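Reading through the structure tokens given below for one structure.
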Amino acid sequence: MSDITKGAPGVPQAGTPASFALDFGKAWEYAPAPESPDHVKIAPKYELFIGGKWTAPQSRKYFDTVNPATEQKLAEVAEASAADVDAAVAAARNAFEKYWAKMPGKERAKYIFRIARAIQEKARELAIVETMDGGKPIKESRDFDIPTAAAHFFYHAGWADKLDYAFHGRKARPLGVAGQIIPWNFPFLMAAWKIAPALACGNTVVLKPAETTPLTALLLAQIIEECELPPGVVNIVTGAGATGAALVDHAGVDKIAFTGSTAVGKRIQRAVAGTKKRLTLELGGKAANIVFADAPIDQAIEGIVSGIFFNQGHVCCAGSRLLLEESVHDVVIRKLKDRMATMRLGDPLDKNTDIGAINSKPQLERIKELVASGELEGAERHSLACAIPEKGYWFPPTFFTNAGQAFRIAREEIFGPVLTIMTFRTPDEAIEKANNTMYGLSAGVWTDKGSKIFHMATQLKAGVVWGDTFNKFDPSSPFGGFKESGFGREGGRQGLGAYVEVE
Amino acid sequence: MTTALFKRSAPTRASRFPLFNPPPVDQVAIEERVANLAKRSIKKASKVAGLKLSISMMDLTTLEGKDTEGKVRQLCRKAVRPLDSDSELPSCAAICVYPNFVRIAKDALGASGVKVASVATAFPSGQSPLEIKLEDVRRAVEFGADEIDMVIDRGAMLSGDYGKVFDEIAATKEACGPAHLKVILETGELGSYDVVRKASDLAIAAGGDFIKTSTGKVQPAATLGVTLVMLEAIRDHFYATGTRIGMKPAGGVRTAKQALQYLVVVKETLGDPWLSPDLFRFGASALLNDVLMQLEKERTGLYQASEDFSKD
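Chains as they are written, first to last, in the numbering used here: chain A, 71 to 573; chain B, 149 to 460.
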């Protein structure tokens, strides 16, 4: 019986000679395969989209949006002042009262359906601009961001004339004007998550995209213009924090929907306290991705990789804390290192790129600062040894082992391609450690036992629990957080509740 | 029953094989992974290099009741020199035939370096007594086969008689002598990735030099999914022992584009050493002409008619 080995079956044991190393070298290399941006038109300057018209900002100010992979300026974008926000809210109010709230649901549905179709028709252009403005790999914007955004419009077009059946015989009325503030990690998709349910439920919208990634929201405004929505139903005001604050503070807004950092979310919650405004917040996360020894380990490796390296880790529900059952720790680390060795960092427009650019310089600084703290606190760092382009903002895929629960890298949201790995011994310990965070947005469980997944899902304090997969989204599936990850749900029937008053 | 799986006399690596308990495989995740890998964009120089590499990995195959000496000799010429107009192209790795044609193939291939592989062990069903299967192997080797492609007993595999499967492979390996052994799992009959993984681990532990998906007589034959599962078994064996086992998808690989997708999966699962005919083969008959057509298209910018390629 000396052959009986501990740990996961069929996998190497501790003490395996390091010389048995895989070699991911240059025997057969992929030639560059860049998606051509030649046919994409980015205007030199973008105005605000208010009341169906492209309007110069009353502030007369513009700011640059840059390509984070090249540091080149892509366009100048209007900076909306409080007066511009006021005009946008007035246009939205007018559109709400004059057209949108009165329109039968089946008519609203046609407009929303039209937007979905137009997104599909322009999918390639939208994907390229999304990648140029935000730095994410083209394969992700092409295969995930844009198709999922279209799916959200399709899905909610279907709800627009069925709201009477969504709340068990109770009547649902629209709220009025929704002020929506979205982040830079999924600029186009977040715009779709916000706009589609609001429109389906009969609300009008003032949307503020993030200042580093405004372009695809402005392309969406063009699509909405081409789809001939009544003027003012959707208004896009670009700008930074001050513009967002003006929107949050505006007395004419009936609802605020915010996706972004927990710090800003807390400020917004304070600002709307005591007002009529409804609020939903989708904030940060520090998700536990839990791998049991009985998991399909090779597939779990893929889930670990997509959990933390998808979109350079700029994902609020990223699986940024990996909890490994101790008996498979060494095996997983070895396999994860080999898997990372095949990852390709570089030109986000190249169809074979796995890791694109970090979205902005400040974000890169924050990642570096937290990684330095991890090293200082004594965790062991492993980063992919790869060439880093000279221009642009980049950070190689990285993980830390030997990290403690109390380390900053185990508690704070890094929002970059940095994974913190810890171990556990029993399911109860895994649950305790997973829940030992102020966040509660998502979690992952990897095991071959279905019953274990269901047990874990009931114990984990997270809005989404993925079983043997990670980072999967569907318009019909509600998404949202527990604790300081926010409240309210987006998507599904539950998501409609954020945009209606139920009688 | 688990501990009595392997006879004391079983040769090869049984003693190094841990308790037979292969890891679970998640079907959804396997298929998602290969779908992602299949999206790698292989253009220009890497396309040409990949296609040439795939020619050098081909086991050009004819396994028909109507095979004749003439057919086999034609196929041998094609394997040595795939395209008359281009002497720079590599030869195929091997010719794969029934035992009756091994001598003819050996003679036709001469000193070209192209190997002769012979199917044996009551191919394709494997449903004959062991002694007959072993005799089949010994004869093929005697005729000059460099490589033996055996089939496992799928009935034994599915009924849980893993000891029988193991012993037959080990005995076949012994009968091969100096010839390399490729073990055909016939994944299309195994029903799930879990059983494919189990059969892969058994075949490797029992002494297979290569593991191979299919006979080509059963659908589905090779897929990217089963190939990845088998490559993972090879990888775990390498991690544990340092020994490199080869892989051969066979049947169903018909286009140049598919061939490149397989190479991507190999490259990103096992790395450089496996990008060689020593450790990776395609079992195919229709694939070669599509690869040649794509290479000519890359060279000239124009697609040739299929009539421009010899149909041997």
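Where a beta carbon is used, it is the ideal one built from N, C-alpha and C, also for glycine.
In this text the structure is predicted, and so the values were computed from the model without any measurement.
Straight-line CA distance for F362(A) to V515(A)? Using only the alpha carbons, I get a separation of about 8 Å.
Could you give the DSSP three-state label for I265(A): helix, strand or coil? Collapsing the DSSP output to three states places I265(A) in a helix.
Are at least three pairs of beta-carbons, each pair with one atom in the segment 235–245 of chain A and one in the segment 253–273 of chain A, less than 8 Å apart? Contact annotation: the segment 235–245 of chain A touches the segment 253–273 of chain A, with at least three C-beta pairs closer than 8 Å.
Residues of the segment 495–519 of chain A in Cβ contact with chain B at a cutoff of 7 Å, in chain order, please. Those residues of the segment 495–519 of chain A placed with their C-beta closer than 7 Å to a C-beta in chain B are D518, ordered along the chain.
To the nearest angstrom, how far is the alpha carbon of V318(A) from that of S340(B)? Distance between the alpha carbons of V318(A) and S340(B): 55 Å.
Closest Cβ-Cβ distance between P171(B) and chain A: below 8 Å? Cβ-Cβ to chain A under 8 Å: yes for P171(B).
A241(B) and M298(B) closer than 8 Å at C-beta: Their beta carbons are not under 8 Å apart, which means A241(B) does not touch M298(B) by this criterion.
When D400(A), I326(A), K176(A) and E439(A) are compared against A388(B), the one with the closest alpha-carbon: The residue from D400(A), I326(A), K176(A) and E439(A) with its alpha-carbon nearest to that of A388(B) is D400(A).
To the nearest angstrom, report how far apart A162(A) and N305(A) are at their CA atoms. If you take the alpha carbons of A162(A) and N305(A), they lie about 7 Å apart.
Could one say the Cβ of K155(B) lies closer than 8 Å to chain A's Cβ atoms, at least one of them? Since pLDDT at K155(B) reaches only 44, below the 50 mark, its modelled position is unreliable, and no value is offered.
Spatial neighbours of E573(A) within its chain, please: C-beta separation below 8 Å, excluding the five flanking residues on both sides. Taken in chain order, the residues that qualify are R240, K241, A242 and R243.
From the DSSP output, read off the bridge partner residues of C297(A). For C297(A), no pairing in a beta bridge is given by DSSP.
Opening and closing residue of the beta strand (DSSP E) in which P397(B) lies: Premise fails: P397(B) is in no beta strand (DSSP E) and is neither H nor E.
Using only CA atoms, which one of V342(A), E191(A), W124(A) and F494(A) lies nearest to E395(A)? It is F494(A) whose Cα lies nearest to the Cα of E395(A).
Would you kindly report the start and end of the unbroken alpha helix (DSSP H) that includes G514(A)? It is not in any alpha helix (DSSP H) - G514(A) instead sits in the beta strand (DSSP E) that spans S512 to W516.
Go through the segment 455–506 of chain A residue by residue and report every complete run of the alpha helix (DSSP H) that reaches 4 residues or more, in order. Whole alpha helix (DSSP H) segments, 4+ residues: 478–481 and 497–505.
On the three-state DSSP scale, how would you describe E444(B)? Assignment of E444(B) by DSSP, reduced to helix, strand and coil, places it in the helix class.
Less than 8 Å between the beta carbons of A103(A) and I182(A), yes or no? Cβ distance not < 8 Å, so A103(A) and I182(A) don't count as in contact.
Quick one: what's got a C-beta closer than 7 Å to D134(A)'s C-beta in the same chain, skipping five residues either side? Residues K143 and E146 of the same chain have their beta carbon placed closer than 7 Å to that of D134(A), with the five preceding and five following residues left out of the count.
Considering only residues of the same chain and omitting the five flanking positions on each side of G533(A), which have a CB-CB separation below 6 Å? Only residues of its own chain outside the window of five on either side were considered, and among them L511, G550, G551 and F552 have a CB closer than 6 Å to the CB of G533(A), listed in chain order.
Rounded to the nearest angstrom, how far is the Cβ of T332(A) from that of E352(A), given a contact under 8 Å? For T332(A) against E352(A), the beta-carbon gap comes to about 10 Å, at or over 8 Å, which does not count as contact.
Contact residues within the segment 316–339 of chain B, judged by C-beta distance below 9 Å to chain A: Listed in sequence order: no entries.
F133(A) bridges to which residues according to DSSP? According to DSSP, which records beta bridges pairwise, F133(A) is partnered with V147(A).
Segment limits, alpha helix (DSSP H) that includes S348(B): The continuous alpha helix (DSSP H) containing S348(B) extends over residues Y341 to A353.
Assuming contact is defined by CB atoms lying nearer than 8 Å, are A103(B) and F314(B) in contact in what I supplied? Outside the displayed span of chain B (149 to 460) sits residue 103(B), for which this structure offers no information.
Can E334(B) and T363(B) be called in contact, C-beta distance under 8 Å? The answer is yes: Cβ separation under 8 Å.
Backbone CA spacing between S453(A) and A411(A) [nearest angstrom]: Distance between the alpha carbons of S453(A) and A411(A): 10 Å.
With C-beta atoms as the reference, is A165(A) less than 8 Å away from P301(A)? Yes, the Cβ-Cβ distance between A165(A) and P301(A) is below 8 Å.
Measuring alpha carbon to alpha carbon, tell me which of A183(B), N437(B) and R225(B) ends up nearest I243(B). Relative to the Cα of I243(B), the nearest Cα in the group A183(B), N437(B) and R225(B) belongs to R225(B).
Does the Cβ of D215(A) have 16 or more other Cβ atoms within 10 Å, making it buried, or fewer, making it exposed? By the neighbour-count criterion, in which 16 or more other beta carbons inside 10 Å mark a residue as buried, D215(A) falls on the buried side.
On the premise that N359(A) lies in contact with L393(A), defined as a C-beta separation below 8 Å, what is that separation, rounded to the nearest angstrom? Their Cβ separation, rounded to whole angstroms, is 7 Å, which keeps L393(A) and N359(A) in contact under 8 Å.
Chain A contacts from the segment 419–437 of chain B (Cβ-Cβ distance under 7 Å): Within the segment 419–437 of chain B, the residues whose Cβ lies closer than 7 Å to some Cβ of chain A are G419, D420, P421 and L423, listed in chain order.
Local Cβ density within 10 Å of Q452(B), reported as buried at 16 or more and exposed below that: It is exposed - the Cβ of Q452(B) has fewer than 16 other Cβ atoms within 10 Å.
Rounded distance between the beta-carbons of F258(A) and L290(A), thought under 8 Å: About 7 Å; that satisfies the 8 Å criterion.
Per DSSP, what kind of secondary structure is M173(A) in: helix, strand or coil? It is coil, neither helix nor strand.
Does the separation of the CB atoms of W464(A) and I428(A) fall below 8 Å? Yes, these two residues count as a Cβ contact at 8 Å.
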